[in-house]
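Chemist: Would you mind keeping the following structure in view while I ask a few things?
Number of protein chains: 2
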Amino acid sequence: MPSNPEFIINFQPVGKRVTVSATDTILNAAQGAGIDIASICGGVGICDSCRIRLVEGELSELTLEEQAVFSDKEIKSGFRLACQVYPCSNLVVEIPPESLTAPQRLQIEGQSQIIEIDPAVIPIELNIPQATINDLRADTIRVRENISNEGIELPINFSQSVLENISPQLRMNDWHVKLAMRRSAVVAILPPHAPLLGLAVDVGTTKLAAYLCNLHSGQILAKAGAMNPQTSFGEDVISRISYSNNVSDGRKILQNRLIETLNQVIQGVCAQVSQNNGDVRPEYIVEAVVVGNTAMHHLFAGLPVYQLGMAPYVPAVSESLVIDADRIGLNIAPGAKIFLPPNIAGYVGADHVAMLLATNLWPSSKTKIALDIGTNTEISLCHDDQLIACSCASGPAFEGAHIKAGMRAAPGAIERVQIIDGELRIQTIDIAAPIGICGSGILDAIACLRHVGALDHRGTFHSTHPSVRDVNNKKEFVLVDHFNSGNGQDIVVTRQDVNEIQLAKGAIRTGIDALLETAGIEADEIEEFIIAGAFGTYINIPSAMAIGMFPSLPIERFQQVGNAAGAGARQMLLSLKHRAKAEEIAKQVSYVELSTYPNFSNLFSKSLFI
Amino acid sequence: MPSNPEFIINFQPVGKRVTVSATDTILNAAQGAGIDIASICGGVGICDSCRIRLVEGELSELTLEEQAVFSDKEIKSGFRLACQVYPCSNLVVEIPPESLTAPQRLQIEGQSQIIEIDPAVIPIELNIPQATINDLRADTIRVRENISNEGIELPINFSQSVLENISPQLRMNDWHVKLAMRRSAVVAILPPHAPLLGLAVDVGTTKLAAYLCNLHSGQILAKAGAMNPQTSFGEDVISRISYSNNVSDGRKILQNRLIETLNQVIQGVCAQVSQNNGDVRPEYIVEAVVVGNTAMHHLFAGLPVYQLGMAPYVPAVSESLVIDADRIGLNIAPGAKIFLPPNIAGYVGADHVAMLLATNLWPSSKTKIALDIGTNTEISLCHDDQLIACSCASGPAFEGAHIKAGMRAAPGAIERVQIIDGELRIQTIDIAAPIGICGSGILDAIACLRHVGALDHRGTFHSTHPSVRDVNNKKEFVLVDHFNSGNGQDIVVTRQDVNEIQLAKGAIRTGIDALLETAGIEADEIEEFIIAGAFGTYINIPSAMAIGMFPSLPIERFQQVGNAAGAGARQMLLSLKHRAKAEEIAKQVSYVELSTYPNFSNLFSKSLFI
C-alpha cells in the first residue's frame, strides 16, 4: 500500500516548518503545527478568513470557492484559502496577520450554514397558455388561474413592480416563467432557469458587508465589503444625524449615497459569481435582509433621524420592518422586499439583535454576555433566561481617532504589542514597517506599559522608565523610534492617548458592570463572554482584561466571533423561523439606559483605572 | 296675510316669459315654464349642470355652493346656478345650451349622494404621551399602544410614507393627531382638525373629471375638469399605445403628463375649497378612486400597454387594483391608496364598470342597455339577470374628426339641427355665429337631410334637393352659406361625412344588435336604454333613432345620464360596498368579442343604412 507523498511547509512569518501529507489541507497542516489560522466558516471555503499567500512551491488547483472569494488581483498575488488547497511540492506559505486567530473563535459564519432553510421567497415554475382571440383573459388572471394547484395561499397578489412589467415578462419568456412567491405575493417573474437569490447586508457606520446567498441551498455565493460612503458626511452617527438635520434633503442624500454603494456591491458580487456560475443578475435577488445600528437602519430605510439625535433619543420605528426594494432604489428584483429586524432602542439597533440571534445568547440557562465594540458599544447580558442590554458611548479611540499615532487597521498599523523576554515587541498589519497604531495595538500597548511599570493604575507615566520621555512637560512613551518606523517619525503613546483609552474602556466596563449589577450577579458568574465585530476579533483578550476593559475571567470563557451581525442577517435571510426568533429576542430585551442609571458615576469612576 | 312679491322672468334664447314668486328658484321657474334646464345633482347645488347667466335684474346672494362651482371669472360674467338663486327683481336670464336637457335625464350624480357612506378610510384622533427619558418607546410603538382601544383591527401597520415622516408629524402636532386608517393601515398622520378627503377621477381619453369629496359627509366639495394632456401625444388610444411602444420611456412620459395635470387639478380644487371652507390641502386627500378605459387605466397605473395594442388585445390586469399614490407621484397624502375598479376586457374598461354601477344596470329583472359613446363605444345589456358587453370601434367622427366641417363641442359649433315649419334650423353652442359642426349636430343634420329627402337610405345625395350642389363631381349639402357663417365659409355636409357617420353609427348599432342576438331578444324588449357620457348627453335621441344608430323605441325608454363613470367613481370612493358591487358586476359580465362574432358582417352591412 503506497503511502501518500509528504512535503515540508515553511510557514512565514511565524517561522515554523512542518512535514505533512499531500492529503492534508494547508489549514490542517497549520493547525497541526499549532498555528491558529482563522476559519470562520469551518473550512468549507465560503469565507476568506483562512486566506494565505503562496510564496514558493506548488499548490492544488484553484477551487470554485476560491474563485468566488478572491479578486483576480488577489489570485495573481498568490492568495489562496488554506482550507481548500493541498500541497503538491515543498512550500513557503505566508500567513497574513488577519488570518491569525484570537484565543477561541466561534464558528458563527459556519453555523448559519447548517440552519434549516426556510426562506421568505420560494419559486413556482409555470407554463401558461398564451392569450389568443378565444382566450382573452388578462395576463394577471392567466397567471392566477395556472397557479391554483401549486399549494400557495390563495388568492395571490402581485407587487406593483411586477404588474408594471408582467406583460413583456410573460411574452419574452414564451409564457414559461418562474414566479418568486413571498407568501401569496408575486415579487418577481423570472426566466425558468433563474436561481432565487437573497442578499444579507450589515450596514456598519464605517463599513458595509454584503453576502449573496442562494435561497434554495443556503449557500453563500459571494461576499463583499465596502466603506460606508456616508463616512465622508461624518465619521460617526451623531455627525450624520446633524447632517440630515442641517442640510436640505440631507437624509435623502445620505440614503442615496448608501444605496448607490450597495448597488455597486450588488453589481460586483453578481458579476463575480456570473464568471463561474453562469447567469446571475441583480434582478434574481428576490429578498434582502439588512441590519445596522438604529441610525444606519433609519437612514437606509428613509426614516426620520432627527429624534435619534436629541434626548431622549427614541427610534421612529422599533418593530421589524419590510420595505420595498424599488422604493429606496436598491437594484435587486424591483418587487423584492427588504426585511429589517427590530431595533431595541435609539442606540441598540437591529445589528445587535442580529448578533444576539447568531450568537444564540438567548434563550439559555447559562449566564452570558455578548458585546459589539465600536464607537458605540452595545452589550447584552443573558442571565436566568432574562435578557438586558445597554449601550455605551465608547468613542472612536479604538478606531484610531483622537490617538496621536492612531490609525485604522491598515498595513503598517501596529496591531499587537507583546512582552517577549522582558522586551516590548510589536507586530504590524501585513508585516509592513510601522507607521501608526490601530485599536488592538493601543490596547496591547497600554496593557504592556502598565505591565512593565511605565504607567500606574491612574494612567500616569513613571518618569523612571527608560522609554518614557518628557516633551513640553508632557510625558510620552516611545513605542517605535524614528529609525525603525516606516515614516521616519517616532511612534509614541501620550498621556492623552492613555486618557482616551481609559475613557473608552471605562465606558464599556461601566456598561458591563451596570448590567451585572442590574442582574444582581458578580462578574465571575459570566460563563460565556462573546465579543463580536471586526475590532473585537482582533483585540488581545488578556490585554483587555489587564487594563480592566473586561472583568478578569478564565481565558476560555471568551469567544471572538467576528461579524456576528452579518451572520445573523444571513440566518434571517434563509429562515423565517430565525426572523421570528429575532423578533422574540428584541421583545425579550430590557433596555437599561445608562445616562439615567443611578450608580453610573460610581461605576464609571471606578472603571477608569487600568 | 301678505303674499310674496312676484317678478317676471324673461328666459333667453328660448324667448319665454313667466311670472314667478320670490320664493321660487330660477330652476323651479324655468321648469314651471316648460323649459328643461338640466339638474344633474337634483337641485342641491353641487353640480353645475343648471348654470344660467344673469343678463339683467337682481338675484339673491351668491351661495357657498355657487362659489365652489364657479371660477371668479365665471362669477364676474354673471354665471349662477338656477337651483340656488331666487329673483329679487324682474329678470332677463340666459340659459346656455349646455344647461338644456335631453328628453329624460337620470339624476345619477345626485343619486351618488344618497348612498350609505362607508369609506375605505376612517379617522382616529389620538393624544399620545410624548417620549421622555423614562419612556423610550419608539414612535410607532407609542402610536400602536394608544390605538388599542379604538375598535380597529389590530395589529395596525404603517404605510412606508407615513413612517418616513412619523417622528416630525407627531412632534409638530404636539402628539395630538388624527390618523387616517385604511383597515389596519395608517395611511396618513394629520393635524387633528384636518378633514379626511377623497378624490374620484374619471380619466377619459380626451377629458379628465375630478371630484373632491368629504369622506365623512359624502359631500362633493369641488369638481374640476381638464383636457387629458396625453392628447398631444395622440388623439386616440391606439396612437398613445404606439407612442408608448415606439418612444423610449414613452409609457412613463404619458403617465407623468397625466399625473402632472391631475396634480394641478388637485391643487386647484383644494385652493378653491380652501377659499371658503378653511384649511383644505392635497395631503388631506387620503383615498382616491380612478376610472378610465383599459388603456387610460393602464397608463395611469403604469401598467404595460404593448399587448393592448396588438391582437388579441388583452389587458395586463383586469382585477381591481390598489396602488400607492406616491408611487405614481399623485400629490395627495403620500401614504394614500388609489383604488381602480376592474377592467372587463382590453376595450371595455373600469370606466364602463363604474358606469354600470352608477346606472344600476345589474342586477335587474328588467331588460336594459347602457352605453357610453366615444371613439370606442362600450355597450352592456342586462337581460334575464345576465350581463353581456361588447366594444365597438365607433371612431372619432362624433368628436368632429374626419368630418369636413367637423369640430369639438365648442362655441360656434352647430350642435342641433331641426326642421321647423319645413325649414332646417340650426342652433350653435353659446349662440355664436356658426363655424362648424360638432357630433350631435352632424347626427341631427343627417337625420334632417334624410327627412327632407336630400339623402337616400344608402347615404347618397339626391341632386334634386335645392341645397345639394355638385363640387368636382362630388355632391354636398350646404347647411350654412358663407354669408351666414362665422368664418365666411360655407358649412357643408359631404358624401364623405355621411359615410363617416354611417360607419360610426353602424358600428354602434351592430354592437347593440349583436348583444340582442346573443341574448336572443328583439330590440323592442329593451325597457330602458341608458346613454352615458358627454356626447351621449347632447345627442338628439329622435335623430339617433331616425338614422338607425339606436333601434326605434318609445322616447320615454331613453335616459341620458351624463358622466355616469364619474358618478360611479364617487360611489366607490364613498362606499366599500359599492367597490364590492363593482367587482361583482365585472365578474358577472360576459364579454362578446365583435371581431370574431359570427354574424358580424351581416349585422354591420345592414346597420349602415340610414
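If you read the sequences in order, they're chains H and U. Mapping the first sequence onto our numbering, position 537 (from 1) lands on 537, and the numbers just tick up by one. Add 1000 to a position in the second sequence, counting from 1, and you land on the number used in our numbering. We put the beta carbon where it would ideally sit given N, CA and C, even for glycine.
1. Verify whether the separation of the beta carbon atoms of Asn1228(U) and Lys1207(U) is less than 8 Å.
2. What residues in the segment 578-604 of chain H bring their beta carbon closer than 9 Å to a beta carbon of chain U?
3. Can you confirm whether Val177(H), when its beta carbon is compared against all beta carbons of chain U, has any partner nearer than 8 Å?
4. For Arg1240(U), which of Leu1258(U), Ala1226(U) and Ala1224(U) has the nearest alpha-carbon?
5. By the criterion of Cβ-Cβ separation under 8 Å, what are the contact partners of Tyr347(H) in chain U?
6. For Glu584(H), tell me which candidate among Ile442(H), Asp481(H), Asp421(H) and Asn343(H) has the shortest Cα-Cα distance.
7. On the DSSP letters alone, give me the boundaries of the alpha helix (DSSP H) that Ser244(H) sits inside.
8. Decide if Thr428(H) is buried, meaning its Cβ has at least 16 other Cβ atoms within 10 Å, or exposed.
9. Using the beta-carbon count (16 or more within 10 Å), is Thr596(H) buried or exposed?
10. In whole angstroms, give me the CA-to-CA distance for Asp1249(U) and Pro168(H).
11. Would the segment 1516-1535 of chain U and the segment 1363-1376 of chain U be scored as touching if the rule is three or more Cβ pairs under 8 Å?
12. Using only the alpha-carbon positions, how far apart do Thr518(H) and Tyr313(H) sit?
13. Of all the residues that make up the segment 161-172 of chain H, which are near chain U by a beta-carbon distance shorter than 8 Å?
14. What residue from Val286(H), Tyr347(H), Val265(H) and Gln255(H) has the CA that sits closest to Ile328(H)'s CA?
15. If we ignore side chains and look at the alpha-carbon of each, how far apart do Ser161(H) and Ser217(H) end up?
16. Is the segment 135-150 of chain H touching the segment 86-93 of chain H in the sense that three or more CB pairs, one from each, lie closer than 8 Å?
17. Closest Cβ-Cβ distance between Asp1324(U) and chain H: below 8 Å?
18. Applying the 10 Å Cβ sphere with the 16-neighbour rule, what's the burial state of Asp1324(U)?
19. Below 8 Å on the Cβ atoms is my contact criterion, and I expect Cys1213(U) with Leu1197(U) to pass it. Report the Cβ-Cβ distance as a whole number of Å.
20. Residue ranges of each beta strand (DSSP E) run of no fewer than 3 residues wholly in the segment 176-253 of chain H, ordered along the chain?
21. For Gly1292(U), which beta-bridge partners are listed by DSSP?
22. With 8 Å as the threshold, decide whether the Cβ of Ile1141(U) is near any Cβ in chain H.
23. Among all the DSSP beta bridges, which residues are the ones paired with His383(H)?
24. How do the segment 454-473 of chain H and the segment 550-565 of chain H stand: do at least 3 beta-carbon pairs fall below 8 Å, yes or no?
25. For the pair the segment 1484-1503 of chain U and the segment 1512-1527 of chain U, tell me if three or more CB-CB distances fall below 8 Å.
26. Run through DSSP, which three-state label would Lys474(H) get?
27. Given 8 Å as the limit, is there contact between the segment 265-282 of chain H and the segment 298-308 of chain H, that is, 3 or more CB pairs closer than that?
28. Tell me which residue opens and which closes the alpha helix (DSSP H) that Asn1127(U) is part of.
29. Since Pro1315(U) meets chain H, which of its residues come closer than 7 Å, beta carbon to beta carbon?
30. To the nearest angstrom, how far is it from the Cα of Leu574(H) to the Cα of Glu287(H)?
31. Hey, how far is the Cα of Ile1541(U) from the Cα of Ile1501(U)?
32. So, is the C-beta of Thr428(H) closer than 8 Å to a C-beta in chain U?
33. Compute the Euclidean distance between the alpha carbons of Glu6(H) and Ile95(H), then round it to the nearest angstrom.
34. Of the residues Ile1420(U), Ala1433(U) and Arg1579(U), which one's Cα is nearest the Cα of Val1353(U)?
35. Is the beta carbon of Val121(H) less than 8 Å from the beta carbon of Phe11(H)?
36. Just checking: is the beta-carbon of Arg327(H) within a distance shorter than 8 Å of some beta-carbon in chain U?
Modeler: Per the coordinate set shown:
1. yes
2. Tyr591, Glu593, Ser595 and Thr596
3. no
4. Leu1258(U)
5. Going along chain U, no residue has its Cβ under 8 Å from Tyr347(H), so there is no contact; the nearest lies around 10 Å.
6. Asn343(H)
7. Val237 to Asn246
8. buried
9. exposed
10. 14 Å
11. yes
12. 22 Å
13. Leu163, Glu164, Asn165, Ile166, Ser167, Pro168 and Arg171
14. Gln255(H)
15. 27 Å
16. no
17. yes
18. buried
19. 7 Å
20. 176-182, 185-190, 197-203, 207-214 and 220-227
21. Val1203(U)
22. yes
23. Gln386(H)
24. no
25. no
26. strand
27. no
28. Careful: Asn1127(U) lies outside any alpha helix (DSSP H), inside the beta strand (DSSP E) at Val1121 to Asn1127.
29. Ala138
30. 10 Å
31. 15 Å
32. no
33. 21 Å
34. Arg1579(U)
35. no
36. yes
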